[in-house]
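Residue numbers (this note's numbering): 692 to 876.
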């Protein structure tokens, strides 16, 4: 019996990830699973002189505390200190640490990047609608929204009373479902 040559060659894609699983730090269990311990470690690391100089330099160049915290936590994930869910929980606290570090050197730290203004978006939408010949509907006033979206108190009490009076789902419907399950088995 002849052997197929394809079984003697490397599988496709072996060159993409030729390391053994578990060799990289983020492929092992994290060093911290407790948020308090991870934040204490992070605070100690951020207060090292070499790290402080780097953070001050980046903040003086105009980086936001959010961007610096995101980069630090991304590195913490890659180096196996924390997992992504814990890093997401730590984000506001690490961001606050960066703000405190920046203010310690009297740097005016921006905490969040500027996002687009919603009024600008609505003006752009109106402009596009005008160019395409569409009518932009006028926004409903809050009183109309309240009237249509908020149920009245008496409607809520009626619904509650009718629910309390009912004895559960339609018994005929339950029998039909039981019959369908028996036929399917």
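We treat Cβ as the ideally placed atom computed from N, Cα and C, and that holds for glycine.
Legend entry - Status (buried if at least 16 other CB within 10 Å, exposed otherwise) for residue 752: exposed
Inset, instruction - May I have the straight-line CA-CA distance separating residue 792 from residue 802, to the nearest angstrom? - result: 12 Å
Legend entry - Residues of its chain near residue 763, where Cβ-Cβ distance is below 7 Å and the 5 sequence neighbours each way are ignored: 785
Legend entry - Cβ-based burial, residue 765 [other Cβ within 10 Å; buried from 16]: exposed
Legend entry - Own chain residues within Cβ distance below 8 Å of residue 717, not counting five before or after: 768, 769, 770, 771
Legend entry - Contact under 9 Å by Cβ, residue 798 with residue 759: no
Legend entry - Of the listed residues 726, 845, 849, nearest to residue 775 (C-alpha basis): 726
Inset, instruction - Just mark residue 877 as buried or exposed, buried being the case when its beta carbon has 16 or more other beta carbons within 10 Å. - result: Absent from the model: residue 877. The displayed extent of the chain is 692 to 876, so no value can be given.
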